[in-house]
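Written below as structure tokens is the structure these notes are about.
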Amino acid sequence: MTEYIIVVALVAVAAIAVYQLFGQVVRAQTAAMVREIAGEDGTAESRTAQSAAGKSTTQTKTRTLKSFTGHAK
Numbered sequence: 001m002t003e004y005i006i007v008v009a010l011v012a013v014a015a016i017a018v019y020q021l022f023g024q025v026v027r028a029q030t031a032a033m034v035r036e037i038a039g040e041d042g043t044a045e046s047r048t049a050q051s052a053a054g055k056s057t058t059q060t061k062t063r064t065l066k067s068f069t070g071h072a073k
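According to full-length UniProt numbering, the residues represented by the sequence shown are 1 to 73, in order.
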């Protein structure tokens, strides 16, 4: 039973990390789609999604497991 709890906790942590990295991208893309469907210009939201995607890419490049090992001392 304990193993299942650990697996569920790991999945939850992974889901939170993915949402933090790509959540802004998804929100901005959805906003752009909604504006386009409504007949309005969604260019600003599309640019926001592109910049958020760029930020998430740089965050994944700058943080590795080595970033978190110094706190265990």
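Glycine is no exception: its CB is placed at the ideal position from the N, C-alpha and C atoms.
Tell me where the alpha helix (DSSP H) around residue i begins and ends.
| i | result |
| --- | --- |
| M33 | 2 to 37 |
Starting from the Cα of residue i, find the closest Cα among the options and give me that residue.
| i | options | result |
| --- | --- | --- |
| Q29 | S46, A9, I6, E3 | S46 |
| residue 75 | E36, L21, I16, I37 | Only positions 1 to 73 of the chain appear in this structure, which leaves residue 75 out of reach. |
| T48 | V18, I37, A31 | A31 |
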